[in-house]
Amino acid sequence: MAAFDDSSDPDLGAACNRLAMWVESLPERALIDPASELAEDDLALILRRLHAMRHLGEDSPATDRPPAAVARASVPVTAKS
Numbered sequence: 000m001a002a003f004d005d006s007s008d009p010d011l012g013a014a015c016n017r018l019a020m021w022v023e024s025l026p027e028r029a030l031i032d033p034a035s036e037l038a039e040d041d042l043a044l045i046l047r048r049l050h051a052m053r054h055l056g057e058d059s060p061a062t063d064r065p066p067a068a069v070a071r072a073s074v075p076v077t078a079k080s
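Residue 35 in numbering that gives the first Met the number 0 sits at position 36 of the sequence shown, and the numbers go up by one each step.
Rendered as structure tokens:
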């Protein structure tokens, strides 16, 4: 599970942690909102990009590349220090 505890904005970090826990519990490719076609994949992508921007910077080339395929981890798995 991604840990956003070191976020410079504690409220945003806590919200990201709650969202990551919720997304992890969803079935893969679950449709969250049929009207907007928001899916589990969308939320996972958003969390991965936030995680990358937090660690690599907003202009990092890593945030421009599509995420690598993973077996099931919807959000990045990071070790807590």
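No residue lacks a Cβ here, since even glycine has one placed at the ideal position from N, Cα and C.
In this structure, the CA atom of R28 is about 31 Å from the CA atom of S7.
Here L46 is actually not in contact with A14; their C-beta atoms are around 11 Å apart, not less than 8 Å. Here the alpha carbon of E36 sits roughly 7 Å from the alpha carbon of L30.
Residue state for D5 is assigned as coil, using DSSP reduced to three classes. Pairing A43 with V22 gives a Cβ-Cβ distance under 7 Å. Spanning the alpha carbons of D10 and D32 requires a straight line of approximately 25 Å.
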